[in-house]
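Written below as structure tokens is the structure these notes are about.
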Amino acid sequence: MVKRKHLLGLQELSKEEINTILDIARPMRDIIMRDIKKVPTLRGKTVATLFYEPSTRTRSSFELAAKFLSADTLSINVSSSSVQKGESLIDTIRTLEAMGVEIIAVRHQQSGVPKFISLNTKMSVINAGDGFHEHPTQALLDLFTIKQKLYKIEGLKVAIIGDIYHSRVARSNIWGLIKLGAEVTVCGPPSLIPVEIEKLGVRVEINLQRTLEWADVVNVLRIQKERQDAGYLTTLDEYRDWYGLTQEKLEKLKGKKLLILHPGPMNRGVEIDDYVADSPNAVVNEQVTNGVAVRMAVLYLLAGGNESGNVD
1 MVKRKHLLGL QELSKEEINT ILDIARPMRD IIMRDIKKVP TLRGKTVATL FYEPSTRTRS
61 SFELAAKFLS ADTLSINVSS SSVQKGESLI DTIRTLEAMG VEIIAVRHQQ SGVPKFISLN
121 TKMSVINAGD GFHEHPTQAL LDLFTIKQKL YKIEGLKVAI IGDIYHSRVA RSNIWGLIKL
181 GAEVTVCGPP SLIPVEIEKL GVRVEINLQR TLEWADVVNV LRIQKERQDA GYLTTLDEYR
241 DWYGLTQEKL EKLKGKKLLI LHPGPMNRGV EIDDYVADSP NAVVNEQVTN GVAVRMAVLY
301 LLAGGNESGN VD
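With my numbering applied, the sequence shown covers 1 to 312.
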């Protein structure tokens, strides 16, 4: 990872590179827990966020991560930027580069845009989510959270539940989990399972209760309500009955404890109910904290930090 200029996806990272990021995230999390959440590591560096899709958690997380490392930050609001006047993506990138930005986190509705930018800029590019392709830092924070709570990833049985077809989070998690030695099952309505996804090394299951009985960890994906309008779902109530993570379904496990993750924001009462979301086994808020730590680690490494993680 210390030799890479960009973070575009977990598909291209090795097991060793993923573990390096997770290892560096530990001391970064310690910084977040301090009273004074600031180290001078990236002083003099400038980090920009360029989001063509709405975001609260990811965008804020990148900005806080940069600030905790003492970098200067620039947030581009696309809805009120020159993009609305017809400025091209490349011209926007060249403008930011000319302003002295060195690292940029990009979210775009089209798959491949961060890769395209990386081929046309001197800046380091971080993929903050591109189309249905990947969301590498979300997967990294999920991996970090699992390792933090269960002390390992190798050998664990991890289920990803919901809209696999449209989920960049699912794809990045699959790449990362398999490289670190986990078994992965994807579960959801057949209309939301990609054809031949088994070629990625995962199992496919359409029965949620069987999946829960098998799993050690479940990662519940947000159901995007526009999928119903597009014909991928019948009704949200029916989805909840079959695939929503509910108190009733967990009680059928007869005391078995599952680690429950969700990338947020949650649609309570659809893919997850209040009882489950607020239970001790759900670690959604810890994922948010860990997201800042992981993004600090990524910024640190892309800026030339070494594998010691010594940031003071």
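Ideal placement from N, C-alpha and C gives every residue a C-beta, glycine not left out.
Look at Ile104 here: in three-state DSSP terms it is strand.
Contact check for Asn285 against Arg29 fails: the beta carbons are separated by 9 Å or more.
Arg203 carries a strand assignment under DSSP once its states are collapsed to helix, strand and coil. Of Ala277, Glu251 and Lys5, the smallest CA-CA separation from Leu221 is found for Ala277. According to the DSSP assignment, Ser124 belongs to the beta strand (DSSP E) that extends over Ser124 to Asp130. The beta carbons of Leu208 and Lys249 sit closer together than 9 Å. In terms of Cβ geometry, Leu245 and Val218 form a close pair [threshold 9 Å].
Rounded to whole angstroms, the gap between the alpha carbons of Glu134 and Asn77 is 22 Å. Ala182 and Ile21 have their alpha carbons spaced roughly 18 Å apart. Take the alpha-carbon of Trp175 and the one of Pro40: they are about 33 Å apart. Beta-carbon to beta-carbon, Leu259 and Lys149 are separated by about 6 Å, close enough to satisfy the 8 Å threshold.
Secondary structure at Glu154: coil, using DSSP grouped into helix, strand and coil. Around Leu42, the same chain offers Leu69, Ser70, Ala71 and Ala303 as residues with beta carbons nearer than 6 Å, after the five sequence neighbours per side are excluded.
Note on geometry: alpha-carbon atoms of Lys45 and Glu102 lie some 7 Å from one another.
When only Cα atoms are considered, Arg34 and Ala48 end up about 25 Å apart.
For Tyr52, the closest of Glu12, Arg107 and Pro114 by C-alpha to C-alpha distance is Arg107. With 16 or more other Cβ atoms inside 10 Å of its own Cβ, Gln138 counts as buried. Ranked by Cα distance from Gly264, the first of Gln224, Ser75 and Ser14 is Gln224.
Of the residues Val204, Leu200 and Val184, the one whose Cα lies closest to the Cα of Ser191 is Val204. For Leu250, the enclosing alpha helix (DSSP H) covers residues Gln247 to Glu251.
Residue state for Arg4 is assigned as coil, using DSSP reduced to three classes.
Our two residues, Glu196 and Gly162, have alpha carbons roughly 17 Å apart in a direct line. The criterion of a C-beta distance shorter than 9 Å is satisfied by Pro189 and Tyr232.
With fewer than 16 neighbouring CB atoms inside 10 Å of its own CB, Asp91 falls in the exposed class.
Residue state for Arg268 is assigned as strand, using DSSP reduced to three classes. Residue state for Thr211 is assigned as helix, using DSSP reduced to three classes.
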